[in-house]
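Counting from 1, one number per residue, gives the positions in the sequence shown under UniProt numbering. The beta-carbon is built from N, C-alpha and C at its ideal position, and this holds for glycine as well. Computed from a predicted model, the values in this text were never measured in an experiment. This report concerns only the one structure given below.
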Amino acid sequence: MTLAAIQFPIIDPIIFSIGPIALRWYGFMYLIGFILAMVIANKAADKSNGLWTRDQVSDLLFYGFLGVILGGRIGYVLFYNFDYFLSDPLYLFKIWTGGMSFHGGLLGVVTAIAFFARKEKKSFLQVGDFVAPLVPLGLGAGRIGNFINAELWGRQTDVPWAMVFPTDRLGLARHPSQLYEFFLEGVVLFLIIYFVGKKTKAAGVASGLFLAGYGLFRMIIEFFREPDAHLGFYFSFISMGQMLSLPMVIIGVGMIVWGLNNSQQIVNNTKKNKSSAK
1 MTLAAIQFPI IDPIIFSIGP IALRWYGFMY LIGFILAMVI ANKAADKSNG LWTRDQVSDL
61 LFYGFLGVIL GGRIGYVLFY NFDYFLSDPL YLFKIWTGGM SFHGGLLGVV TAIAFFARKE
121 KKSFLQVGDF VAPLVPLGLG AGRIGNFINA ELWGRQTDVP WAMVFPTDRL GLARHPSQLY
181 EFFLEGVVLF LIIYFVGKKT KAAGVASGLF LAGYGLFRMI IEFFREPDAH LGFYFSFISM
241 GQMLSLPMVI IGVGMIVWGL NNSQQIVNNT KKNKSSAK
């Protein structure tokens with residue numbers, strides 16, 4: 001199996017360095033995602049008829065960036081390495097050792113959205129719906145970074161596109177699950193939110209689509225992704241990623257249903273008021 005698989009090339013994680021300063025592929029991909037998000041957000045602000053300004057976009061992205069970093073690290077430590085944290089609480093601050101959790105980062109972003117909404121006197125859903133189409137861009141870019149770093153690879157397989165990653169001590173042919181995540185969580189999820197957003201402006205729908213869409217895609221991809229070695233499976237078949245994603249699907253579907261029903265109710269009330277006025 002291994003001989004027929006694609007041999008992943010050894011790529012230097014550092015693009016270039018100047019003295020102690022180094023630009024790494026992983027950070028560079030996130031930078032690309034951040035720039036794409038800023039461009040799209042600024043265009044949306046320009047077309048918002050004064051509801052959003054570019055200064056607000058800059059502030060929102062800054063708070064969101066802090067939420068991703070802080071929430072991602074705290075979530076990784078609590079969700080995936082809690083026992084290690086109990087034995088060494090300072091591990092929480094050892095960011096250079098690696099380890100970020102999407103679900104922790106999501107909670108961080110939700111906190112940032114709540115703070116920004118209160119500061120700018122906007123509704124939570126209004127801010128959440130504005131942010132929703134931007135997140136898949138960063139997710140997709142980050143998964144490309146994971147692929148270049150040859151990390152977070154998939155389970156053993158014999159599919160024609162199976163790859164042998166240089167970081168895998170067993171040298172097995174595996175699913176390139178990072179690319180699956182890039183496609184579903186990045187490209188497909190962005191297109192779904194973007195085009196549905198053009199069809200309806202119902203509050204909460206874009207946010208719900210992101211939560212439900214990411215949760216569903218992540219649960220599917222987890223069947224191809226190698227689980228964390230120190231965690232394995234719960235109940236012999238469920239990964240931590242799937243357990244954390246299931247609530248996202250439930251909450252997301254609930255938000256979509258609520259948003260569409262609430263929007264329809266507003267339309268019906270508007271029609272009744274017009275009829276009464278006549």
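query: Which residue's Cα is closest to the Cα of A37: T111, S17, R143 and L139?
result: As a first step, residue 37 is located in the sequence shown; it is residue number 37 there, counting from the start. Nearest of T111, S17, R143 and L139 to A37, Cα basis: L139.
query = So, is W161 buried or exposed, given that buried needs 16 or more other C-beta atoms within 10 angstroms?
reply = Numbered from 1 along the sequence shown, position 161 holds the residue referred to as residue 161. Label assigned to W161: exposed.
- Item | DSSP state of R24 mapped onto helix, strand, coil | Mapped onto the sequence shown, residue 24 falls at position 24. Strand.
* Locate the beta strand (DSSP E) running through S17, then write down its first and last residues. => Looking up residue 17 in the sequence shown gives position 17. That run of the beta strand (DSSP E) goes I14 to I18.
- What's the gap between the Cα of A44 and the Cα of L86? One-based indexing of the sequence shown puts residue 44 at position 44. One-based indexing of the sequence shown puts residue 86 at position 86. Computed Cα separation, rounded: 45 Å.
Nearest to R73 by CA position, among Y91, G33 and Y63, is which residue? The residue you call residue 73 lines up with position 73 of the sequence shown. It is Y91.
Practice prompt. Let me know the alpha helix (DSSP H) ranges lying completely inside the stretch 95-179, each 4 residues or longer, listed in chain order.
Written response: The stretch 95-179 contains, as complete alpha helix (DSSP H) runs of 4+ residues, the segments 102-120, 124-131 and 135-148 (chain order).
| said: Check whether the stretch 55-66 and the stretch 177-190 touch, using three or more Cβ-Cβ pairs below 8 Å as the test. | reply: no
Distance, Cα to Cα, I10 vs V205?
-> Stepping through the sequence shown from its first residue, residue 10 is reached at position 10. Stepping through the sequence shown from its first residue, residue 205 is reached at position 205. Using only the alpha carbons, I get a separation of about 42 Å.
- Can the beta-carbon of L189 be found less than 8 Å from the beta-carbon of G213? Here residue 189 refers to the residue found at position 189 of the sequence shown. Here residue 213 refers to the residue found at position 213 of the sequence shown. Going by C-beta atoms, L189 is nearer than 8 Å to G213.
Give the DSSP-derived three-state secondary structure of N261 in the structure shown. For this step, residue 261 is matched to residue 261 along the sequence shown. DSSP places N261 in helix when its eight states are reduced to three.
Note to self: Output needed for R225: all residues of its chain with C-beta closer than 6 Å, excluding positions within five of it in sequence on either side, in chain order.
What the structure shows: What you label residue 225 is simply residue 225 of the sequence shown in a count that begins at 1. Once the five neighbours on either side are set aside, the close Cβ partners of R225 are G154 and S177.
### Query
Buried or exposed: where does V257 fall if 16 or more other Cβ atoms within 10 Å of its Cβ makes it buried?
Walking along the sequence shown from the start, residue 257 turns up at place 257. By the 10 Å Cβ count, V257 comes out exposed.
* First through last residue of the alpha helix (DSSP H) which encompasses residue 281 -> Since the first residue of the chain shown is 1 and the last is 278, residue 281 is not available in this structure.
How would you call P136, buried or exposed, if buried means at least 16 neighbouring beta carbons within 10 angstroms? As a working note, residue 136 is residue 136 in the sequence shown. Taking a 10 Å sphere around the C-beta of P136, we find 16 or more other C-beta atoms and assign the residue as buried.
Whole-angstrom Cβ separation of Y157 and R169, contact assumed at under 8 Å? As a working mapping, residue 157 is identified with position 157 in the sequence shown. As a working mapping, residue 169 is identified with position 169 in the sequence shown. Checking the displayed sequence, the identity of residue 157 turns out to be Thr instead of Tyr. Not quite, the Cβ-Cβ distance comes to about 18 Å (not below 8 Å), so this is no contact.
Exercise. Would M1 be called buried (16 or more neighbouring beta carbons within 10 Å of its own) or exposed?
Worked result: The residue given as residue 1 occupies position 1 in the sequence shown. Low confidence applies here, because M1 scores a pLDDT of 43, under 50, leaving its location unreliable; read the following figure in that light. Counting the other CB atoms within 10 Å of its CB gives M1 a total below 16, which places it among the exposed residues.
### Closest by C-alpha distance to A41, when choosing among S123, L61, F223 and F16
On the sequence shown, position 41 is the one that residue 41 refers to. It is L61.
Candidates M255, P20, I15 and G19, of which the one nearest M29 by Cα: The residue given as residue 29 occupies position 29 in the sequence shown. When only C-alpha atoms are compared, the closest one is I15.
**Message:** Quick check on the burial criterion: 16 or more other C-beta atoms within 10 angstroms. Buried or exposed for S123?
**Reply:** Translated into the one-based positions of the sequence shown, residue 123 becomes position 123. Exposed, since its Cβ has fewer than 16 Cβ neighbours within 10 Å.
Note to self: Would I113 and V127 qualify as a contact pair, given that the criterion is a beta-carbon distance under 8 Å?
What the structure shows: The residue you call residue 113 lines up with position 113 of the sequence shown. The residue you call residue 127 lines up with position 127 of the sequence shown. A contact, by the Cβ cut-off of 8 Å.
As a quick exercise: from L172, I193, A150 and Y80, pick the residue whose alpha carbon is nearest that of V159.
The residue you call residue 159 lines up with position 159 of the sequence shown. Residue L172 is the option with its Cα nearest to V159.
Query raised in the report: When the Cα of P227 is compared with those of L209, E151, F65 and E185, which residue comes out closest?
Result: Position 227 of the sequence shown, counted from the first residue, corresponds to residue 227. When each option's Cα is compared against that of P227, the closest is E151.
Look at the alpha carbon of S239 and the alpha carbon of F115, and state the distance between them as a whole number of angstroms.
-> As a position in the sequence shown, residue 239 is number 239, starting the count at 1. As a position in the sequence shown, residue 115 is number 115, starting the count at 1. Rounded to whole angstroms, S239 to F115 spans 32 Å at the Cα level.
TODO: Would you list the residues sitting across from R225 in a DSSP beta bridge?
DONE: Mapped onto the sequence shown, residue 225 falls at position 225. Under DSSP, R225 shares a beta bridge with G154.
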